[in-house]
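For the record, in the sequence shown the residue sitting at position 135 is 127 according to the working numbering, with numbers rising by one throughout.
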Amino acid sequence: MSDAALRLTVADGIARLVLDLPGEPVNKITRGVRGEIEAMLTRLQNDNAVRAVVLISGKPDTFIAGADIEEFVALTSAAAAEALVRDGQKLVSRFGEIGKPVVAAIHGACLGGGLESALACTYRVATDHPKTTLGLPEVQLGIIPAAGGCQRLPRLIGVRAALDIILAGKTVPASRAFRMSMVDELVHPSILETVAVAAARRLADGWKRPRRRQGVMGWLLEGNPIGRWVVFGAAGRQVTAKSGGHYPAPLAALDAVRHGLSQGIPAGLEREAVAFGRLAVGDVSRKLVQIFFATTSLKKDPGVPAPAPEPRAVSRLAVIGAGFMGAAIAGVAVAQGHVDARVRDTDLARVAKGLEAARRILQDRLKRRRITKYEFPREDGLLSGGTDWAGFGDTDLVIEAVFEDLAVKHKVFAEIEAQVGSECVVASNTSTIPITRIAQGAKHPERVIGMHFFSPVDRMPLLEVIAGEQTAPWAVVTAVAFGRRIGKTVIVVRDRPGFWVNRVLAPYIAEAGRLIAEGVSVEHIDKVAVRFGFPVGPVTLMDEVGIDVVHKASAVMHQAFGDRLAPLDGIARMVTEGRLGRKSGRGFYRYADGKKQGPDPESAKLFGGWLGARPSAEVVFDRLVYALLNEAAMALDEGVVRSPRDGDIAAIFGFGFPPFRGGPLRYADDLGAARVVETLDRLKQEHGNRFEAAPSLRRMAKTGGTFYGDARR
Ligand code: NAD
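Structure representation (structure tokens):
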């Protein structure tokens, strides 16, 4: 077998260059490949028998997935990063400089450096297969497209469309890329090569790629300097608002695009290289790359220790309870998992309402062009519902989402068990009841499990799978695999009150309540959290979740963990007064027409305080964030999550812990256990025992250990 990544055949003046990295599942641009492509392009340039080149992949589902992340992670200085990227730029530019047309024949993922290579080619043909996607995801890793992506994409598809992709790190399906002119021809996979070779031949004969017109609006906004100034101004404001100033990459990309358009491609490439060098070794990028690696390894984790059993196939799902959660779970299961989903409720009106809500998820995808109008009826046909038990005998997985009441759940579980076969996994979506208690009295407790979805189910990416004391590994791996199939990031958690997400949030929310009771303004509290990088502050979060839900959950946490998590009277008073948050139009804030208005001082008064106290942002910050860090440490100590990786990923995907800080456990590691304990000790002295540091933090403060370091040992 050859070690070469490139295979060359020449027929009738057209060189067919197949990229196929030996021993790798996907093509990526490594140091070795760069040298090989470089040498090959020079050879083709000098070969008089070659009139045009077709670049195609030998992998089944990828064109080129991007640059080699491992190579970029190993960089230790900005200068080294800059040098690496300049090499990449030189190589990519070569595709357009050999004096002969090069056609990229794209099937499968064409991302990052892969797309940048394709952009430098003369012409692009892509397959209309769902696996064919094109994008520049760099900013999601805290870096920018720096092999000419910030230069060539805006010139090819227009500034606005290019910024839309670059600044958000977007990946688009081939059909969309075609509509945007990123791709010149869209074809069925069976004729990709033929069409690419034909295009190469036409180009070699002097045919020119037709340019698409940009239209009047395009010219007004992009064809002149004033229009461009408006476009860049708007994009800059949007990026700053969205990133909260925490993510430097999008602004750097914007700068590289703007500079290149006004000063020319070489100057633009220079900007890309310098910015890449600075960002690649920066802390934000390092954190985002860690998260990327963590989610990648999580995707391969079966959820139980080796040897893990095979997950059972799920082709039929049943959801009991067609309410708010049940309907959404059914909708997402159909949309993402293409599984046959049947919902059951106690009366037909509720079933109909639930089916309508599930259908809205499909309609939303149709509206956003995620599916075609032909796919919609096919997906819709997978949804069904009723009040009976029809079809339950063949169900592979049942998810229960009835009222949060143990007696109701027990009754429903007994009914389910009487209907389903012995291979069926039976899951509960409970948010507060221990799975082990739900499984009590079950004939087969080994297949009873928790699948805790978050609301809104179609938007929230996390799923907690909870193994009860008797849950069997086959049930765990089946629930994990199914969760993943329907697009969720899945963590397996221990059956402890609050599981992971609500457990870690509990003291943070409670502390926000205490601050309100002391008279601190809700806006001030929220602002401190948002400045730290949370998408919303804890007070807004309570309003969104619902004050009644917060009240119920805090009672459970109080019972389990004692006074440390005692609920505040103010919350109970708000519930009595019907101030339930956004859903009732008033909570800590007021809402009108679905929009958040100013704070409602009447609510804060229910906490007794409202003294208008305004402690410094540092004081508020310490109390909120250290309470959360400490709880994460305690829960990890108790084995609620299996590793710091799982805990951090779940905090980021479950409640928006700032990704650029890496998650609560990573953040505590960065601060250092000694500093965390010192702060907690001070808080304990000032505010009481609830700030007693977790045993692991105390231990690590003495030994200099870290969560991640200890986990590896
Ligand atoms: P909901 O009140 O909207 O829906 C519950 C549905 O269950 C109702 O339609 C009801 O008619 C039905 N139901 C009750 N008893 C039934 C029975 N015996 N057979 C069939 N159907 C029955 O409640 P929800 O907000 O969807 O919550 C459902 C579950 O999900 C609860 O356990 C809750 O704790 C959990 N949960 C809720 C959220 C949330 O944000 N609402 C988040 C995570 C988990």
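A virtual CB, placed ideally from N, CA and C, is assigned to each residue, including glycine.
May I ask you to list the residues that DSSP assigns as paired with residue i?
| i | result |
| --- | --- |
| C706 | No answer is possible for residue 706: it lies beyond the span of the chain, which begins at -7 and ends at 705. |
| C102 | I56 and L126 |
| S420 | E392 and G442 |
| G378 | R336 |
| A459 | I441 and R486 |
| L454 | T481 |
| R(-1) | V10 |
| T119 | V179 |
| A310 | R334 and V390 |
| V94 | V45 |
Determine the DSSP secondary structure at residue i, reduced to helix, strand or coil.
| i | result |
| --- | --- |
| M(-7) | With a pLDDT of only 44 at M(-7), under the threshold of 50, the placement of this residue in the model should not be trusted; the figure read from the coordinates follows. Residue state, collapsed to three classes: coil. |
| M317 | helix |
| G573 | strand |
| H543 | helix |
| A160 | coil |
| L290 | helix |
| T698 | coil |
| T470 | helix |
| A504 | helix |
| L533 | helix |
| I430 | helix |
| L107 | helix |
| A300 | coil |
| R705 | Note that R705 scores a pLDDT of 43, beneath 50, so its modelled location is shaky; the value from the coordinates is reported in the next line. Coil, per DSSP. |
| V633 | strand |
| F524 | helix |
| K435 | coil |
| W492 | coil |
| T568 | helix |
| T366 | Per the sequence shown, residue 366 should be read as Tyr rather than Thr. Note: Y366 maps to coil in three-state DSSP. |
| K137 | Just to set this straight, residue 137 is Pro in the shown sequence, not Lys. If DSSP states are grouped into helix, strand and coil, P137 belongs with coil. |
| D673 | helix |
| L560 | coil |
| F649 | coil |
| R342 | helix |
| R361 | coil |
| V404 | helix |
| S414 | coil |
| P656 | helix |
Return the Cβ separation of residue i and residue j in integer angstroms, given the expectation that the two are a contact with Cβ distance under 8 Å.
| i | j | result |
| --- | --- | --- |
| Q462 | A431 | 6 Å |
| I6 | V65 | Contact doesn't hold; Cβ gap of about 38 Å is too wide. |
| Y581 | K588 | 5 Å |
| G323 | A349 | 7 Å |
| R658 | Y700 | 7 Å |
| A75 | G104 | With 8 Å as the limit, A75 and G104 do not qualify as a contact, their Cβ atoms being about 18 Å apart. |
| R78 | E30 | Not quite, the Cβ-Cβ distance comes to about 13 Å (not below 8 Å), so this is no contact. |
| R510 | A605 | Note on residue identity: the sequence assigns Glu, not Arg, to residue 510. Sure, about 6 Å apart at Cβ, within 8 Å. |
| A564 | H550 | At roughly 12 Å, the Cβ-Cβ gap does not stay under 8 Å, so A564 and H550 are not in contact. |
| A305 | P465 | That pair is no contact at about 16 Å. |
| G579 | I539 | 6 Å |
| D12 | S49 | 7 Å |
| G140 | L261 | 6 Å |
| I501 | M534 | 6 Å |
| A642 | L454 | 6 Å |
| T422 | V548 | With a Cβ gap of about 11 Å, T422 and V548 do not count as contacting. |
| L246 | L159 | 6 Å |
| F368 | L375 | With a Cβ gap of about 11 Å, F368 and L375 do not count as contacting. |
Can you find a C-beta in chain B that's less than 9 Å from the C-beta of residue i?
| i | result |
| --- | --- |
| Q255 | No chain B is part of this structure, which consists of one protein chain only. |
(request) Only counting runs of 4 or more residues, tell me where the alpha helix (DSSP H) segments fall wholly within the region 577 to 630, in order along the chain. (result) Secondary structure in the region 577 to 630: the alpha helix (DSSP H) runs of 4 residues or longer, each lying completely within the stretch, are 593 to 597 and 609 to 629 in chain order.
(message) Restricting to runs no shorter than 4 residues, where is the alpha helix (DSSP H) found entirely within the region 20 to 88?
(response) 23 to 38, 61 to 65 and 70 to 86, all fully within the region 20 to 88.
(request) Starting from the N-terminal side, write out each stretch of the beta strand (DSSP E) that is 3 residues or longer and does not extend beyond the region 141 to 201. (result) 163 to 165 and 177 to 179
(request) Taking only runs that begin and end inside the region 226 to 272, name each unbroken alpha helix (DSSP H) of 4 or more residues, in chain order. (result) 240 to 255 and 257 to 272
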